[in-house]
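A quick write-up on the structure given underneath.
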Amino acid sequence: MENNGSTNGNHNTNGSHQKRRPPKIVQPDMDFFELLEQGTKALERGQVSLAVQFLEQAQKLDPDNPDLLLNLGGAYILSKKFKQAVDILEPLSDRQPNNPMVWTNLGAAYLGNPVLATDEKQQRAIGAFKLAVALDPKAPNVAYNLGLIYRDRKENEEALHWFKRALKVNPKDKDALYYIKQLSKQDEDITDNPSESDQSE
Numbered sequence: 000m001e002n003n004g005s006t007n008g009n010h011n012t013n014g015s016h017q018k019r020r021p022p023k024i025v026q027p028d029m030d031f032f033e034l035l036e037q038g039t040k041a042l043e044r045g046q047v048s049l050a051v052q053f054l055e056q057a058q059k060l061d062p063d064n065p066d067l068l069l070n071l072g073g074a075y076i077l078s079k080k081f082k083q084a085v086d087i088l089e090p091l092s093d094r095q096p097n098n099p100m101v102w103t104n105l106g107a108a109y110l111g112n113p114v115l116a117t118d119e120k121q122q123r124a125i126g127a128f129k130l131a132v133a134l135d136p137k138a139p140n141v142a143y144n145l146g147l148i149y150r151d152r153k154e155n156e157e158a159l160h161w162f163k164r165a166l167k168v169n170p171k172d173k174d175a176l177y178y179i180k181q182l183s184k185q186d187e188d189i190t191d192n193p194s195e196s197d198q199s200e
């Protein structure tokens, strides 16, 4: 039997067996809307680097399109290119101050890597996330993200408030429920075992 390079016994000569290779981005015949659509679809599929390629190409054709900027900002966040996301999303927040998704993405961009986030980054993220939730009280994951930031800051009462709010928005949020139980237990432990300085008052 002749081997054509296929390892699974299928004799595929048209090259379609290479499904993992992303399509080439630079296709001169693609217009802005095709690039935006392909970039958005790639983002939805979790193909972030491919999405960035399509969306950056689209940006060259229409650099001020708000839908493009929102999606490109989101793609940069998922690519951990937080500064590039901020550079796109801050001007967009001036143009679309009532769009909760802009503030949600900007909050994530400001925060960056939560483990490495400085106080300043946390404060900026809190401000953006609170604007998002003020504009849309049911904005997905925003209350939960606020809870995480406050938990990291060891501001447990505020964290508990936001985790409860996240659970109210999504009663199936197991992570929010976990943190509510964890923080409530910490509060009970503090109440049951007050420090000596508290007892002396």
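Numbering (numbering that gives the first Met the number 0), first residue to last: 0 to 200. Backbone N, C-alpha and C define an ideal beta-carbon position, used for all residues, glycine too.
Buried or exposed (CB count within 10 angstroms, at least 16 for buried), residue i
{"i": "V114", "result": "exposed"}
{"i": "G206", "result": "Absent from the structure is residue 206, since the part of the chain shown begins at 0 and ends at 200."}
{"i": "R150", "result": "buried"}
{"i": "Q26", "result": "exposed"}
{"i": "A138", "result": "buried"}
{"i": "A131", "result": "buried"}
Alpha carbon of residue i to alpha carbon of residue j, nearest angstrom
{"i": "I87", "j": "G72", "result": "6 angstroms"}
{"i": "L219", "j": "I76", "result": "Past the boundaries of the shown model lies residue 219; the chain is included only from 0 to 200, so the question cannot be answered."}
{"i": "D176", "j": "D135", "result": "The sequence shown places Leu at residue 176, not Asp. If you take the alpha carbons of L176 and D135, they lie about 21 angstroms apart."}
{"i": "D66", "j": "G111", "result": "22 angstroms"}
{"i": "A74", "j": "K163", "result": "29 angstroms"}
{"i": "T117", "j": "K153", "result": "14 angstroms"}
{"i": "K129", "j": "W161", "result": "10 angstroms"}
{"i": "K220", "j": "M29", "result": "Because the chain spans 0 through 200 in this model, residue 220 falls outside it and cannot be assessed."}
{"i": "N97", "j": "L145", "result": "19 angstroms"}
{"i": "Y282", "j": "E157", "result": "This structure leaves residue 282 out entirely; the chain is present only between 0 and 200."}
{"i": "K80", "j": "M100", "result": "18 angstroms"}
{"i": "S48", "j": "Q37", "result": "12 angstroms"}
{"i": "P62", "j": "V168", "result": "35 angstroms"}
{"i": "L54", "j": "E119", "result": "30 angstroms"}
{"i": "D93", "j": "N64", "result": "14 angstroms"}
{"i": "V52", "j": "Q95", "result": "Reading off the sequence shown, one finds Gln at residue 52, where the question assumed Val. Using only the alpha carbons, I get a separation of about 24 angstroms."}
{"i": "T39", "j": "K171", "result": "27 angstroms"}
{"i": "L182", "j": "Q83", "result": "35 angstroms"}
{"i": "E195", "j": "L159", "result": "Any reading at E195 is ruled out, since the residue's pLDDT is 42, under 50, leaving its predicted position unreliable."}
{"i": "A133", "j": "S78", "result": "27 angstroms"}
8 angstroms contact criterion, which residue i and residue j should meet: CB distance rounded
{"i": "A108", "j": "V85", "result": "5 angstroms"}
{"i": "W102", "j": "A124", "result": "With 8 angstroms as the limit, W102 and A124 do not qualify as a contact, their Cβ atoms being about 10 angstroms apart."}
{"i": "L166", "j": "I179", "result": "7 angstroms"}
{"i": "F31", "j": "A57", "result": "5 angstroms"}
{"i": "N155", "j": "Q121", "result": "Actually they are not in contact, since the Cβ atoms of N155 and Q121 sit about 15 angstroms apart, beyond 8 angstroms."}
{"i": "L60", "j": "L91", "result": "Not quite, the Cβ-Cβ distance comes to about 17 angstroms (not below 8 angstroms), so this is no contact."}
{"i": "L42", "j": "N70", "result": "6 angstroms"}
Cβ-heavy atom distance, residue i to the ligand HEM, below 8 angstroms
{"i": "Q122", "result": "With respect to small molecules bound, the structure shown includes none, and the ligand HEM cannot be examined in it."}
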